[in-house]
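Peer 1: The working numbering applies: residue 92 is where the sequence shown begins, and numbers increase by one.
Where is the CB? At the ideal position from N, CA and C, for every residue including glycine.
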Amino acid sequence: MKLKEAKFTTDFINEIKAMYAVDLKETSSLEQFIALGHLIKRYDADNWTRTSKSYRKNDDKQVYYFSIEFLPGRLLQSNLLNLDILDTVSSGLKNLGLDFEKICEAEPDPGLGNGGLGRLAACYMDSMASLGMAGNGNGIRYRYGLFKQVFMNGYQVELPDDWLRNGNVWEVRRENRACLVRFGGHVWLQEQEDGALRPVYDHTDDVLAVPYDIGMAGYHNDVTNTLRLWSAELPPSADQTYYSQQQRDNIDDITKVLYPDDSNAEGRSLRLRQEYFFSSAGMQSIVRHYFLDHTSLKYFAQKVAVHINDTHPTLVIPELMRILLDEYDCSWDTAWQITAATMSYTNHTIMQEALEKWPIDMFKGLLPRIYQIVEEIDRRYRVEKTPIFGDNVVDRTAPLGDGQVRMAYLAVIGSHSVNGVAPLHTELLKKDVLADLYRIYPEKFNNKTNGIADRRWLELANRPLTKLIDHKIGTDWHSNPKQLQTLSAFENDTEFLHQLAEVKAINKQKLADYVQEKMNITLNTSAIFDVQIKRLHAYKRQLLHALEIIREYLDIKDHPKKDVTPRVHIFGAKAAPSYHYAKSVIKVINALADLVNNDPTIGDKLKVVFIPNYGVSLGELIIPAADISEQISTASKEASGTSNMKLMTNGALSLATMDGANIDIVKAAGAENEYTFGLTADDVYGYYHRGDYRARTFYDDNPELQRIVGSLIDNMIPGITTEGHEIYDSLLQYNDEYFVLADYAAYVAKQEKISHDFNDVEAWQKRSLANIAASGTFSADYAVARYAEDIWQVPYNRILK
Ligand SMILES: *Cc1c(COP(=O)(O)O)cnc(C)c1O
Numbered sequence: 092m093k094l095k096e097a098k099f100t101t102d103f104i105n106e107i108k109a110m111y112a113v114d115l116k117e118t119s120s121l122e123q124f125i126a127l128g129h130l131i132k133r134y135d136a137d138n139w140t141r142t143s144k145s146y147r148k149n150d151d152k153q154v155y156y157f158s159i160e161f162l163p164g165r166l167l168q169s170n171l172l173n174l175d176i177l178d179t180v181s182s183g184l185k186n187l188g189l190d191f192e193k194i195c196e197a198e199p200d201p202g203l204g205n206g207g208l209g210r211l212a213a214c215y216m217d218s219m220a221s222l223g224m225a226g227n228g229n230g231i232r233y234r235y236g237l238f239k240q241v242f243m244n245g246y247q248v249e250l251p252d253d254w255l256r257n258g259n260v261w262e263v264r265r266e267n268r269a270c271l272v273r274f275g276g277h278v279w280l281q282e283q284e285d286g287a288l289r290p291v292y293d294h295t296d297d298v299l300a301v302p303y304d305i306g307m308a309g310y311h312n313d314v315t316n317t318l319r320l321w322s323a324e325l326p327p328s329a330d331q332t333y334y335s336q337q338q339r340d341n342i343d344d345i346t347k348v349l350y351p352d353d354s355n356a357e358g359r360s361l362r363l364r365q366e367y368f369f370s371s372a373g374m375q376s377i378v379r380h381y382f383l384d385h386t387s388l389k390y391f392a393q394k395v396a397v398h399i400n401d402t403h404p405t406l407v408i409p410e411l412m413r414i415l416l417d418e419y420d421c422s423w424d425t426a427w428q429i430t431a432a433t434m435s436y437t438n439h440t441i442m443q444e445a446l447e448k449w450p451i452d453m454f455k456g457l458l459p460r461i462y463q464i465v466e467e468i469d470r471r472y473r474v475e476k477t478p479i480f481g482d483n484v485v486d487r488t489a490p491l492g493d494g495q496v497r498m499a500y501l502a503v504i505g506s507h508s509v510n511g512v513a514p515l516h517t518e519l520l521k522k523d524v525l526a527d528l529y530r531i532y533p534e535k536f537n538n539k540t541n542g543i544a545d546r547r548w549l550e551l552a553n554r555p556l557t558k559l560i561d562h563k564i565g566t567d568w569h570s571n572p573k574q575l576q577t578l579s580a581f582e583n584d585t586e587f588l589h590q591l592a593e594v595k596a597i598n599k600q601k602l603a604d605y606v607q608e609k610m611n612i613t614l615n616t617s618a619i620f621d622v623q624i625k626r627l628h629a630y631k632r633q634l635l636h637a638l639e640i641i642r643e644y645l646d647i648k649d650h651p652k653k654d655v656t657p658r659v660h661i662f663g664a665k666a667a668p669s670y671h672y673a674k675s676v677i678k679v680i681n682a683l684a685d686l687v688n689n690d691p692t693i694g695d696k697l698k699v700v701f702i703p704n705y706g707v708s709l710g711e712l713i714i715p716a717a718d719i720s721e722q723i724s725t726a727s728k729e730a731s732g733t734s735n736m737k738l739m740t741n742g743a744l745s746l747a748t749m750d751g752a753n754i755d756i757v758k759a760a761g762a763e764n765e766y767t768f769g770l771t772a773d774d775v776y777g778y779y780h781r782g783d784y785r786a787r788t789f790y791d792d793n794p795e796l797q798r799i800v801g802s803l804i805d806n807m808i809p810g811i812t813t814e815g816h817e818i819y820d821s822l823l824q825y826n827d828e829y830f831v832l833a834d835y836a837a838y839v840a841k842q843e844k845i846s847h848d849f850n851d852v853e854a855w856q857k858r859s860l861a862n863i864a865a866s867g868t869f870s871a872d873y874a875v876a877r878y879a880e881d882i883w884q885v886p887y888n889r890i891l892k
C-alpha cells in the first residue's frame with residue numbers, strides 16, 4: 092500500500108489520542124504498540140475485505156489449513172514489511188522521538204504452538220497469502236500459550252503465558268459466525284417422515300465456538316488472508332439455562348491451554364475435546380461458506396481443499412461425513428467420495444509415541460455420533476480391502492483396532508494425499524510407519540519438504556545481512572528466494588566475504604548484549620557461536636552437545652597453555668513439564684554452564700549459555716548470530732527440521748547427522764560446506780533389525796569417553812547428583828536408546844575440525860556464503876506452491892522464477 096510519512100504520523104497521534112486520551116509523550120511502549128497495531132489493522136482492512144470478496148466473486152477454490160498449533164511470532168514488523176510500509180512507519184516513529192525497536196518488543200509473542208509444527212503452519216500462512224492463494228488457517232485461540240520458562244537453581248520452572256492480558260490487536264471477534272459443537276449425550280438414528288434415518292440427540296453438552304480472525308497480509312500484493320482461531324464459550328441459551336460452575340469450567344477448559352508436549356501423544360479426554368472442537372467448528376463454517384454461493388454439493392471438492400496438519404485435526408473427516416449425511420441427506424458413497432477428495436494429510440513424525448490413538452470407550456462417550464461414523468468407515472474399509480489384502484494387513488491398518496481409534500490410519504484412509512516432510516521421512520513412512528497403508532494406497536503418498544518464511548527469518552530478523560545482499564544482487568530475491576543463488580558469483584570476492592564477517596559480528600554483538608543484560612554473562616564475540624535451539628528431546632540429543640562441552644572444558648583444564656579457538660555454546664529449549672529426562676538434561680547443562688562460566692582459568696575460551704524461554708522472538712535474535720547450527724538428531728528421528736533451514740539462510744554452517752532435511756541442505760549447499768557425521772538411518776535400522784547395539788562397547792573402547800561420561804557422576808559438576816546418575820544410567824544401563832555413544836567419536840572429530848577451520852576467516856565466510864546462496868530453495872513459498880499444484884489443485888498468482 093501507499094502511505095506518506097506525514098499522513099502516518101497524523102493518524103498515529105490521533106489513534107493515541109482516541110485510545111488513551113493523553114499526549115504521546117505520556118504513553119508507554121505497550122500503549123504505543125497497541126495503538127499502532129490498531130492503526131495498521133485499519134490500513135489493512137481494505138485489502139482484507141477486498142481479498143475475501145474477490146475469492147467469492149471468482150468462486151476460487153479455498154484451502155483450509157487445519158492445525159492445532161500456529162506459532163506466528165510477533166506480527167507488527169511482518170505486517171509492515173508485507174504491506175510495504177516498514178520504512179515509512181519506522182521513520183515516522185523515529186521522527187516522533189519514539190523507539191521503534193522498543194515498540195516492536197512490547198508486542199506479546201503468541202505462543203500458540205510447541206515448536207516446529209506450529210511454526211510451519213505460520214510460515215505456510217505467510218506463503219499462501221504471499222502467493223496470492225485463497226488460503227485460510229483454522230486453529231485454536233488458546234487463552235494461555237505455551238508456558239513461560241524460567242530457571243531456578245538451574246531447573247526449569249513453568250509459568251503461565253498470559254498473552255491475552257492486554258487483548259490481541261490483530262484479531263476480530265466474529266460472534267455472528269459462531270457455531271455449536273456437540274459433545275457427549277446419547278444419539279440414535281430415527282426414521283423421519285420422508286423415510287430417511289436421522290440422528291436424534293439427547294443430553295448433549297453443547298459448546299459455542301466463536302471465531303477470532305487474524306489478517307494474514309501477503310508480501311507486496313494487497314492480498315490479506317484469514318487465520319481463524321476458535322474460542323469455546325457458553326452457548327447462547329446460557330441466559331435461560333442454569334449452568335453449574337463445573338459445566339462452565341468444562342467449557343472454559345476446552346480452549347484454555349495448549350498441551351505443552353510435542354512428542355508424546357497425551358491420551359487425555361480434554362485433548363480429544365480440543366481436537367473435535369476446532370475440527371467441527373472449522374468444518375461447519377466451511378460448509379456454511381460454501382453454500383453462500385452454491386446450491387448443491389456437487390462442486391464441493393472442486394471448491395474446497397482441507398488440509399490436516401498432523402493427526403490432531405483428523406476428525407474433520409468424520410465431521411464432514413456427519414454434516415453431509417445428517418444435514419444434507421447425502422448417501423454414504425457420495426459423502427465418502429466428496430470427503431476423500433477434499434482431505435489431504437501431512438504426517439510429521441515416525442516416532443511411535445507421538446502417533447495419536449484414542450481409547451474407544453473415551454471416544455465413544457465424548458463423540459457418540461462421530462464414533463458411529465468411524466465405525467462405519469472401519470466396517471466398509473474391512474469389507475473392501477480384506478479380499479484383496481487379507482485379514483492381517485487390514486487388521487493392522489483399520490481405523491479401529493486394539494480397542495483404539497487410530498488417528499493416522501483414519502487420516503490416510505479418508506484423504507486423497509498423504510505426505511511426509513523431507514525425502515528421507517517420506518521413504519521411512521513408506522518403508523516403516525505406514526508401510527501397510529502404502530501397499531494399499533501407493534498413489535496417495537508423496538513428499539513435500541518443509542520450508543521457512545525467509546521474509547521473517549532473513550529479511551526481518553537479519554536486517555544487516557539483508558542490506559548487504561540487496562546491495563550486491565538487488566531485491567528480487569525477496570519474492571523469489573532462489574535468486575539468492577546468484578550470490579555464489581561472489582564466493583571469491585574477498586571484500587564481500589569480509590563484509591559478511593562484519594555482519595555476523597554485528598549480530599553476535601546484539602545477542603551478546605542481550606545475554607549480558609538478561610543473564611549477566613559476558614560473551615566473547617570473536618568466539619565460535621555454536622547454537623542448538625529446538626525443543627528439548629532425547630532424540631534431538633542436546634546431551635551429545637553437552638558431552639562435547641565437558642570435553643572442551645577438560646581439555647582446557649588439562650592443557651591451560653594450549654591455543655584453543657574460543658567457543659560459546661548457546662542453547663534454547665523448553666522441555667515438556669512432564670518429561671523428566673529432558674528436564675534433567677536442562678539441569679545438567681545449566682550446572683555445566685555454572686561450572687564453566689565461573690572458572691577463572693577458563694576465561695574467555697569457553698562459555699555456555701542456556702537462554703531461557705526460547706520462542707520465535709528469541710529465535711529471531713539468536714539465529715542471525717550463529718556460526719554453527721547443531722542438527723544432531725539420531726538419524727531417522729527428525730522428520731524434517733526447520734531451524735536447520737533458518738540457520739542456513741543466516742549463514743551458519745551445519746554440524747549435522749544425515750537426518751530429515753539436513754540431507755537436502757547438505758546436498759543443496761555442498762557437503763564441503765557443512766560438517767556431517769554419525770550413523771545413517773540405514774545404520775540405525777540395521778541395529779534395530781539385528782538387535783545388536785551395545786552402547787557399552789563404545790564406552791569400553793574409548794578412555795576419553797569414559798572420563799567424560801564418568802564426570803556426570805563423580806561430582807566434577809556440582810549439583811547434579813540425581814540428574815547425573817539418571818543420564819549416566821540412560822547411556823550405560825539402559826543401552827543408550829538414541830545412539831549418543833555410537834556417534835560421540837565422529838561428532839567430536841567434526842567439532843575439532845570446526846575449531847581448526849574457523850580461524851581462516853575467508854574460507855569460513857566462503858562456506859557461509861555457500862549456505863546463504865543455496866538456502867532459497869527452502870523457502871516456504873516453493874513448498875506451498877508444490878502443495879498447491881500437487882495436492883490442493885489451487886491456482887496462485889505470484890510467479891516464482
Ligand atoms: C523453527 C522453530 C522450531 C523448530 O526447530 P527444529 O530445530 O526444527 O525442531 C521450534 N521452535 C521455534 C520457536 C522455531 O522458530
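DSSP three-state call for Q607: helix, strand or coil?
Peer 2: Position 516 of the sequence shown holds residue 607. Helix, per DSSP.
Peer 1: Sorted by chain position, which residues of the same chain lie with C-beta nearer than 7 Å to T733's C-beta, five sequence neighbours on each side aside?
Peer 2: Taking the sequence shown and counting its residues from 1, the one referred to as residue 733 is at position 642. Only G207, R210, L211, N541 and I543 meet the Cβ criterion.
Peer 1: Is it buried or exposed, P691, if we count other Cβ atoms within 10 angstroms and call 16 or more buried?
Peer 2: The residue you call residue 691 lines up with position 600 of the sequence shown. Under this definition P691 is an exposed residue.
Peer 1: Could you spell out where the alpha helix (DSSP H) holding K737 opens and where it closes?
Peer 2: For the purposes of this step, residue 737 is taken as the residue at position 646 of the sequence shown. Here the alpha helix (DSSP H) through K737 covers S734 to T740.
Peer 1: So what does DSSP say about S354, is it helix, strand or coil?
Peer 2: On the sequence shown, residue 354 is found 263 positions in, with the first residue counted as 1. Correct three-state label for S354: coil.
Peer 1: In the DSSP assignment, what are the bridge partners of N538?
Peer 2: The count along the sequence shown starts at 1 and reaches residue 538 at position 447. Bridge partners of N538: G511.
Peer 1: F161 by DSSP, collapsed to three states: which one?
Peer 2: Taking the first residue of the sequence shown as 1, we reach residue 161 at position 70. Coil, per DSSP.
Peer 1: Specify the secondary structure class of A396 as computed by DSSP and reduced to three states.
Peer 2: Your numbering for residue 396 matches position 305 in the sequence shown. Three-state result, A396: strand.
Peer 1: Where does T315 fall in DSSP's three states?
Peer 2: For the purposes of this step, residue 315 is taken as the residue at position 224 of the sequence shown. Note: T315 maps to strand in three-state DSSP.
Peer 1: How close, in whole Å, do the beta carbons of F768 and Y838 come, if the pair is a contact with beta carbons under 8 Å?
Peer 2: Position 677 of the sequence shown, counted from the first residue, corresponds to residue 768. Position 747 of the sequence shown, counted from the first residue, corresponds to residue 838. That pair is a contact at about 5 Å.
Peer 1: Hey, is T733 close to ligand 1, as in C-beta under 7 Å from one of its heavy atoms?
Peer 2: Taking the sequence shown and counting its residues from 1, one reaches residue 733 at position 642. Yes, the Cβ of T733 comes within 7 Å of a heavy atom of ligand 1.
Peer 1: Check each candidate in L446, V852, M442 and L458 and name the one with the smallest Cα separation from E410.
Peer 2: Counted from its first residue, the sequence shown places residue 410 at position 319. Ranking the options by Cα distance to E410, first place goes to L458.
Peer 1: Count the other CB atoms, across all protein chains shown, that sit within 10 Å of the CB of T433; report buried if there are 16 or more and exposed otherwise.
Peer 2: Mapped onto the sequence shown, residue 433 falls at position 342. Burial call: buried.
Peer 1: Under 7 Å from any heavy atom of ligand 1, does the C-beta of K193 make it?
Peer 2: Along the sequence shown, one-based indexing puts residue 193 at 102. No - ligand 1 has no heavy atom lying nearer than 7 Å to the Cβ of K193.
Peer 1: Is R547 near ligand 1, with its Cβ less than 7 Å from a heavy atom?
Peer 2: Here residue 547 is taken as the residue at index 456 of the sequence shown, counted from 1. No, since every heavy atom of ligand 1 falls outside the 7 Å radius drawn around the Cβ of R547.
Peer 1: Within 8 Å, do at least three Cβ pairs link the stretch 357 to 373 to the stretch 260 to 276?
Peer 2: Yes, the stretch 260 to 276 is in contact with the stretch 357 to 373.
Peer 1: Using the C-alpha atoms, what's the distance from M92 back to I176?
Peer 2: Position 85 of the sequence shown, counted from the first residue, corresponds to residue 176. Position 1 of the sequence shown, counted from the first residue, corresponds to residue 92. Those two C-alpha atoms are separated by around 7 Å.
Peer 1: Quick check on T76: buried or exposed, where buried means 16 or more other Cβ atoms within 10 Å of its Cβ?
Peer 2: Because the chain here runs from 92 to 892, residue 76 falls outside it and cannot be looked at.
Peer 1: Pull up the CB-CB distance for S675 and I818, whole angstroms please, since I reckon it's below 8 Å.
Peer 2: For the purposes of this step, residue 675 is taken as the residue at position 584 of the sequence shown. For the purposes of this step, residue 818 is taken as the residue at position 727 of the sequence shown. Contact flag correct, Cβ pair sits at about 6 Å.
Peer 1: How close, in whole Å, do the beta carbons of L559 and W568 come, if the pair is a contact with beta carbons under 8 Å?
Peer 2: Along the sequence shown, read from residue 1 onward, the residue named residue 559 stands at position 468. Along the sequence shown, read from residue 1 onward, the residue named residue 568 stands at position 477. With a Cβ gap of about 12 Å, L559 and W568 do not count as contacting.
Peer 1: Identify, in the order they occur along the chain, each residue of the same chain with its Cβ nearer than 6 Å to the Cβ of R362, setting aside the five sequence neighbours on each side.
Peer 2: Sequence index remark: in the sequence shown, residue 362 carries index 271 (1-based). So the qualifying residues of the chain are Y350.
Peer 1: Would the beta-carbon of Y829 be found less than 7 Å away from any heavy atom of ligand 1?
Peer 2: Sequence index remark: in the sequence shown, residue 829 carries index 738 (1-based). The answer is no for Y829.
Peer 1: In chain order, which continuous runs of the beta strand (DSSP E) of length 3 or greater are located wholly inside the stretch 465 to 501?
Peer 2: Correct list: 495 to 497.
Peer 1: Leaving out five residues before and five after L167 in sequence, what residues of the same chain have Cβ atoms less than 6 Å from its Cβ?
Peer 2: Position 76 of the sequence shown, counted from the first residue, corresponds to residue 167. Taken in chain order, the residues that qualify are C195 and E198.
Peer 1: Taking contact to mean at least 3 C-beta pairs separated by less than 8 Å, is the stretch 820 to 827 in contact with the stretch 613 to 623?
Peer 2: Because the criterion of three Cβ pairs below 8 Å is not met, the stretch 820 to 827 and the stretch 613 to 623 do not touch.
Peer 1: Using the beta-carbon count (16 or more within 10 Å), is E711 buried or exposed?
Peer 2: One-based indexing of the sequence shown puts residue 711 at position 620. By the 10 Å Cβ count, E711 comes out buried.
Peer 1: Excluding the 5 residues flanking R877 on each side, which residues of the same chain have their C-beta closer than 7 Å to its C-beta?
Peer 2: Along the sequence shown, read from residue 1 onward, the residue named residue 877 stands at position 786. Taken in chain order, the residues that qualify are K539.
Peer 1: Taking the alpha-carbon positions, what's the A225 to N244 distance?
Peer 2: Position 134 of the sequence shown, counted from the start, is the residue given in the question as residue 225. Position 153 of the sequence shown, counted from the start, is the residue given in the question as residue 244. Those two C-alpha atoms are separated by around 49 Å.
Peer 1: For the stretch 690 to 762, which segments carrying the alpha helix (DSSP H) assignment without a break, of at least 4 residues, lie completely within its bounds, in sequence order?
Peer 2: If we require 4 residues or more, the alpha helix (DSSP H) runs fully inside the stretch 690 to 762 come out as 707 to 713, 734 to 740 and 753 to 760.
Peer 1: If we call anything under 8 Å between Cβ atoms a contact, is Y436 one with I468?
Peer 2: Counting from 1 along the sequence shown, the entry for residue 436 is found at position 345. Counting from 1 along the sequence shown, the entry for residue 468 is found at position 377. In this structure, I468 does not lie closer than 8 Å to Y436 by Cβ.
Peer 1: Quick one: is the Cβ of L162 within less than 7 Å of any heavy atom of ligand 1?
Peer 2: In the sequence shown, the residue the question calls residue 162 occupies position 71. Result yes, Cβ under 7 Å from ligand 1.
Peer 1: Among all the DSSP beta bridges, which residues are the ones paired with Y766?
Peer 2: Position 675 of the sequence shown, counting from 1, holds the residue named residue 766. Answer is L746.
Peer 1: According to DSSP, is T557 helix, strand or coil?
Peer 2: Residue mapping note: residue 557 aligns to position 466 of the sequence shown, counting from 1. Three-state result, T557: helix.
Peer 1: Report the CB separation of R232 from T315 in whole angstroms; it is logged as a contact under 8 Å.
Peer 2: As a working mapping, residue 232 is identified with position 141 in the sequence shown. As a working mapping, residue 315 is identified with position 224 in the sequence shown. With 8 Å as the limit, R232 and T315 do not qualify as a contact, their Cβ atoms being about 19 Å apart.
Peer 1: Tell me whether R339, by its Cβ, gets closer than 7 Å to a heavy atom of ligand 1.
Peer 2: As a first step, residue 339 is located in the sequence shown; it is residue number 248 there, counting from the start. Every heavy atom of ligand 1 is 7 Å or more from the Cβ of R339, so no.
Peer 1: Within 7 Å: the Cβ of K239 and any heavy atom of ligand 1?
Peer 2: Against the sequence shown, residue 239 aligns to sequence position 148. Answer for K239: no, Cβ out of range of ligand 1.
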